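J.: Next up is a structure, given as structure tokens.
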Amino acid sequence: MSLSQPISRRALKHTRAIQVEAFARTDGLWDIDAHITDVKTRDSGFIANMRPAGEPIHDLWLRLTIDSRLTIVDAEAVSDAVPYPGYCDTIGSAYKKLIGLNLRNGFRQGLKERLSGIAGCTHLTELAQILPTAAIQAFSGEIFAAHDEGNSDDQHRKPFQLDRCHALRTDGAAVAEYYPRWSVKSPGGVRSS
């Protein structure tokens with residue numbers, strides 16, 4: 479299913495592209511590489527420089543190296559294209575402040591405390607916010623069980639993904655079907671669908 483057809487003619491003006499890739503390393507760690515670009519369809523002028531149409535205004539990279547518990551052990555940020563060269567591209571080392579945070583527990587709050595506002599780059603910090611769910615997707619079936627196997631060491635621990643989204647609510651039909659051991663009735667006594 480796609481979005482509905484627009485009700486009027488449109489002209490593309492701006493494209494923001496985000497790509498996240500997860501790599502298992504031979505040393506047991508994982509690299510989560512994130513890339514964001516902003517591209518306009520027209521020449522864009524900034525006080526510092528002019529960007530021709532089609533050339534990135536922002537071309538930014540962020541790598542988080544994490545362990546199997548989703549704790550950040552290293553971080554690196556690089557700015558290949560920025561609107562204010564010599565200024566925007568000097569903040570990369572600040573992203574080392576992410577070391578020690580856990581992507582599963584309090585990451586977004588820690589990110590905000592360490593790198594919001596003038597302490598970081600708006601675009602890199604915004605990019606970092608999507609990395610917890612990307613890392614969990616990468617770990618699913620690799621580090622975390624993708625389904626309720628019932629034979630792992632964590633068989634008494636509720637699977638991490640339950641009660642984290644609408645579809646996987648423990649009083650819902652999907653959990654009743656795919657994770658029956660964790661299924662509960664809603665307060666009204668009826669399962670939600």
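Be aware that the sequence shown starts at 479, since it is given in the working numbering, and climbs by one per residue. The beta-carbon is built from N, C-alpha and C at its ideal position, and this holds for glycine as well. In this text the structure is predicted, and so the values were computed from the model without any measurement.
1) Going by alpha carbons, who is nearest to L609 out of A654, C643, D511, P561?
2) Roughly how many angstroms separate the alpha carbons of K636 and R642, rounded to a whole number?
3) Going by beta-carbon coordinates alone, are Y657 and T648 separated by less than 9 Å?
4) Quick one: what's got a C-beta closer than 6 Å to D516's C-beta in the same chain, skipping five residues either side?
5) Please report how far the alpha carbon of T680 lies from the alpha carbon of H634, in whole angstroms.
6) Measure the CB-CB distance between A555 and G570 and report whether it falls below 9 Å.
7) Start and end of the beta strand (DSSP E) containing P534?
8) Please work out which residues of its chain come closer than 7 Å, Cβ to Cβ, to L542, disregarding the five sequence neighbours upstream and downstream, and give them in chain order.
9) Whole angstroms are fine: how far does the CA of I514 sit from the CA of Y678?
10) What ranges does the alpha helix (DSSP H) occupy inside the segment 570 to 634, keeping only unbroken runs of at least 4 residues that lie completely in it?
11) Verify whether the separation of the beta carbon atoms of P544 and A613 is less than 9 Å.
T.: So, from the data block:
1) For the purposes of this step, residue 609 is taken as the residue at position 131 of the sequence shown. Out of A654, C643, D511, P561, D511 has the C-alpha closest to the C-alpha of L609.
2) As a first step, residue 636 is located in the sequence shown; it is residue number 158 there, counting from the start. As a first step, residue 642 is located in the sequence shown; it is residue number 164 there, counting from the start. Straight-line Cα distance between these residues: approximately 12 Å.
3) The sequence position of residue 657 within the sequence shown is 179, counting from 1. The sequence position of residue 648 within the sequence shown is 170, counting from 1. Cβ distance < 9 Å, so Y657 and T648 count as in contact.
4) Numbered from 1 along the sequence shown, position 38 holds the residue referred to as residue 516. The beta carbon of D516 sits closer than 6 Å to those of R494, I535, H536, all from its chain and outside the five residues before and after it, given in chain order.
5) Outside the shown range of the chain (479 to 671) lies residue 680, about which nothing can therefore be said.
6) Numbered from its first residue, the sequence shown carries residue 555 at position 77. Numbered from its first residue, the sequence shown carries residue 570 at position 92. The answer is yes: Cβ separation under 9 Å.
7) For the purposes of this step, residue 534 is identified with residue 56 of the sequence shown, where counting begins at 1. First-last of the beta strand (DSSP E) with P534: 534 to 544.
8) Position 64 of the sequence shown holds residue 542. I510, I550, A553, L576, L609.
9) Because the chain in this structure spans residues 479 to 671, residue 678 falls outside the shown range and cannot be described.
10) Along the segment 570 to 634, the alpha helix (DSSP H) occurs as fully enclosed runs of 4 or more residues at 585 to 593, 600 to 606, 609 to 617, listed in sequence order.
11) Translated into the one-based positions of the sequence shown, residue 544 becomes position 66. Translated into the one-based positions of the sequence shown, residue 613 becomes position 135. Note that residue 544 corresponds to Ile in the displayed sequence, not to Pro. Yes; because the gap between Cβ atoms is below 9 Å, this pair is in contact.
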